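Novice: I'd like to ask some things about the structure below.
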Amino acid sequence: MNGCPKVIVFGAGGFLGEHIIQQLANNNFHVYAAVRTKHKYSRDTLNHQITYYEGDLEDCQYIQKCLEGMDAIIFAAECNWKPGLAISEYFRGNVQITKRFFTTLENHQDVRVVYTSSMSAIAGSKTPVIFTEDSDRSHVKKNSLSPDDWAKIECEQIALDYASKNHNIVILNPGLMLGPGAFSHSKITTSGLVLRFCQNNFPFYVNGGHSFCDVRDVAKAHVAALTRGHRGDRYIVAGHNLTMTEIYHLMVMITGLSSPRELPVNIAYSLSLLLDKLSSLAVKRLTSSYHPDFVKSSGLYYYGESKKSISELGYNITPIKTTLLETIQYFYNQGLISEDISFLEAMNNSNIQAIAYLREMARYHPFSHSLLPRISKIYRICESNYYLNNLLIDLLANSNFNYKKGKFHLNKSNYQQYQKTLNKLFEYIYFASDDFLTEVL
């Protein structure tokens, strides 16, 4: 593709889609966005760089209009399930728009198409198994797959069938994408699990596993695939293969909030069946947020290996702590988290434990009401002071973090003297604060 290629993105208003159009704009492409309604998706920062096509993806004439004159196409559209939507309709909606798209694509055989699939189309094992692009499905626990898994499998097969007819198609299989929204008030989907944790709306979880990745890395991989990657191939763009327990442990460390409790998948499934039954019997129609057909897959593992995409697409994997931290910071800056976690502004991938330690000490200090909002300041004082910085390093080296309790445990009793030194710092900060002056005057 020469000059400034014209690229259209289907699904441009989604979590991934917004990051894709941002990356395309940053790389000087002529960006076209296929959306249902323009006003929902237009963003002040990129409005002048994007041409919006409004319409319905079940309308082949609309799709044909979108494809005319394009040098490349990214198809990242999907129907999301919402409480109250019949599973059959959810499945039909995803398969239908994929079929309509590829049927209309017949006359554009040589145009590069980057198709967004998912690890759901490859993985889903009962025990941790790391899948590659060439893995067979012998380890997949098919009777526990969710409607989303089956929809992704069916839709990817449609894409593969067209690729086998010598269409210029590259398929990307992202893991579970986390990360901030591309813009303020962006539509958030998979990162919602981070928000629900921070809002204390996640009392229980089932301990399956995913290949967690940063949505921004995945968006860059889509842009790279416009000019790189072999036609007909698929590429796993995943990341860190972690259990849900490990993800929640990291969020506990970052935020200081309590971890939800783990439930066995069979109990969680039974509860979802009960809630679904109660909602159907309710006089005023209630809808459960957790459909049983989705809950049964929550104990599966969707692990993947991204070596191929790293080698051929230049795919990058951001450290998971960085992704989680920036996701939480995004929600906090949007005013969606009521807890005071202002210390996030000083937190980065290398100092999470240090700030968590200071936060814990401040929480149990008699002057906690004054110290907790000043954790960032306290950390910077320790960082800039040679003695205090080394003291904090020693404390961290000789302590363990209990994720269930959200507390550090010191391994050596003589390190209590170090804690006394930090307590003196806390007292100094408090007595020098406006809070103290307000209390005594």
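Those letters in the sequence shown? Residues 8 to 448, per the numbering used here, in order. All residues carry an ideal CB built from backbone N, CA and C; glycine is no exception. Keep in mind the model is a prediction, meaning the values are calculated, not measured.
Return helix, strand or coil for Val-38, following the three-state DSSP convention.
Specialist: Your numbering for residue 38 matches position 31 in the sequence shown. In the structure shown, Val-38 sits in a strand (DSSP, three-state: E or B).
Novice: What's the C-alpha gap between Asp-401 and Tyr-422?
Specialist: For the purposes of this step, residue 401 is taken as residue 394 along the sequence shown, with counting starting at 1. For the purposes of this step, residue 422 is taken as residue 415 along the sequence shown, with counting starting at 1. Going by the C-alpha atoms only, they are around 8 Å apart.
Novice: Could you check whether Lys-384 and Asn-356 sit closer than 8 Å to each other, using their CB atoms as the reference points?
Specialist: The residue you call residue 356 lines up with position 349 of the sequence shown. The residue you call residue 384 lines up with position 377 of the sequence shown. Cβ distance not < 8 Å, so Asn-356 and Lys-384 don't count as in contact.
Novice: Could you please give the first and the last residue of the uninterrupted alpha helix (DSSP H) stretch that includes Lys-384?
Specialist: Residue numbering aside, residue 384 sits at position 377 when the sequence shown is read from its first letter. Where Lys-384 is concerned, the enclosing alpha helix (DSSP H) stretches over 382-391.
Novice: Could you tell me which of Ser-142, Thr-123, Gln-30 and Ser-132 sits nearest to Asn-150, measuring between CA atoms?
Specialist: Position 143 of the sequence shown, counted from the first residue, corresponds to residue 150. Taking only the C-alpha atoms, the option nearest Asn-150 is Ser-132.
Novice: How many angstroms separate the CA atom of Ser-345 from the CA atom of Leu-264?
Specialist: If you number the sequence shown from 1, residue 345 lands on position 338. If you number the sequence shown from 1, residue 264 lands on position 257. Those two C-alpha atoms are separated by around 12 Å.
Novice: For Glu-140, collect the residues of the same chain with a Cβ closer than 8 Å to its Cβ; drop the 5 residues on either side in sequence, then sort them by chain order.
Specialist: Taking the first residue of the sequence shown as position 1, residue 140 is located at position 133. Excluding positions up to five away in sequence, the list reads Ile-129, Asn-180, Asp-240, Arg-241, Tyr-242, Ile-243 and Lys-315.
Novice: By a C-beta neighbour count over all protein chains shown, 10 Å radius and 16 as the cutoff for buried, is Gln-29 buried or exposed?
Specialist: For this step, residue 29 is matched to residue 22 along the sequence shown. Classification for Gln-29: buried.
Novice: Determine whether the beta carbon atoms of Leu-395 and Ile-388 lie at a separation below 8 Å.
Specialist: To locate residue 395, count along the sequence shown from 1; it is residue 388. To locate residue 388, count along the sequence shown from 1; it is residue 381. Yes, the pair counts as a contact, with Cβ atoms nearer than the cut-off.
Novice: Tell me, which residues are paired with Arg-241 by DSSP?
Specialist: For this step, residue 241 is matched to residue 234 along the sequence shown. Partner(s): Ile-178.
Novice: Based on the DSSP secondary-structure assignment, which residues constitute the bridge partners of Glu-269?
Specialist: By one-based count along the sequence shown, residue 269 stands at place 262. The partner list for Glu-269 (beta bridge, DSSP) reads Tyr-212.
Novice: Give the secondary structure of Tyr-60 by DSSP, where H, G and I count as helix, E and B as strand, and everything else as coil.
Specialist: Taking the first residue of the sequence shown as position 1, residue 60 is located at position 53. Strand, per DSSP.
Novice: Check Ile-137 in the structure and name its three-state DSSP category.
Specialist: The sequence position of residue 137 within the sequence shown is 130, counting from 1. Residue state, collapsed to three classes: strand.
Novice: Go through its chain and collect everything with a Cβ distance to Tyr-169's Cβ below 8 Å, but skip five positions before and after it.
Specialist: Translated into positions along the sequence shown, residue 169 becomes position 162. The answer, listed in chain order, is Phe-109, Leu-112 and Ile-176.
Novice: When you compare each of Leu-270, Lys-431, Leu-320 and Phe-82 to Ala-166 by their alpha carbons, which one comes out closest?
Specialist: Stepping through the sequence shown from its first residue, residue 166 is reached at position 159. Comparing Cα positions, the closest option is Phe-82.
Novice: Check for me: the alpha helix (DSSP H) holding His-256 runs from which residue to which?
Specialist: Reading the sequence shown from its first residue, position 249 is the one you call residue 256. Residues 251-262.
Novice: Which residue's Cα is closest to the Cα of Val-118: Ile-80, Ile-137, Phe-98 and Ser-153?
Specialist: As a first step, residue 118 is located in the sequence shown; it is residue number 111 there, counting from the start. Minimum Cα distance to Val-118 is reached at Ile-80.
Novice: Specify the secondary structure class of Asn-2 as computed by DSSP and reduced to three states.
Specialist: Given a span of 8 to 448 for the chain in the structure shown, any question on residue 2 remains unanswerable.
Novice: Whole-angstrom Cβ separation of His-217 and Tyr-309, contact assumed at under 8 Å?
Specialist: Taking the sequence shown and counting its residues from 1, one reaches residue 217 at position 210. Taking the sequence shown and counting its residues from 1, one reaches residue 309 at position 302. Contact flag correct, Cβ pair sits at about 5 Å.
Novice: So Ser-266 and Val-259 are supposed to be a Cβ contact under 8 Å. How far apart are they, rounded?
Specialist: Walking along the sequence shown from the start, residue 266 turns up at place 259. Walking along the sequence shown from the start, residue 259 turns up at place 252. At roughly 5 Å, the Cβ-Cβ gap stays under 8 Å, so Ser-266 and Val-259 are in contact.
Novice: Report the rounded CA-to-CA distance for Leu-351 versus Thr-334, giving the unit in angstroms.
Specialist: Taking the sequence shown and counting its residues from 1, one reaches residue 351 at position 344. Taking the sequence shown and counting its residues from 1, one reaches residue 334 at position 327. Cα to Cα, Leu-351 sits roughly 11 Å from Thr-334.
Novice: Just to confirm, is the Cβ distance from Phe-22 to Ile-195 under 8 Å?
Specialist: On the sequence shown, position 15 is the one that residue 22 refers to. On the sequence shown, position 188 is the one that residue 195 refers to. The answer is yes: Cβ separation under 8 Å.
Novice: Excluding sequence positions up to five away, which residues of its chain have a Cβ less than 8 Å from the Cβ of Gly-100?
Specialist: To locate residue 100, count along the sequence shown from 1; it is residue 93. Excluding residues within five positions, the ones whose Cβ falls inside 8 Å are Cys-86.
Novice: For Val-290, count neighbouring Cβ atoms within 10 angstroms of its own Cβ and tell me buried if that reaches 16, exposed if not.
Specialist: In the sequence shown, counting from the first residue as 1, residue 290 sits at position 283. Summary for Val-290: the model assigns pLDDT 47, below 50, so the residue's position carries little reliability; its value from the coordinates is reported in the next sentence. Per the 10 Å Cβ criterion, exposed.
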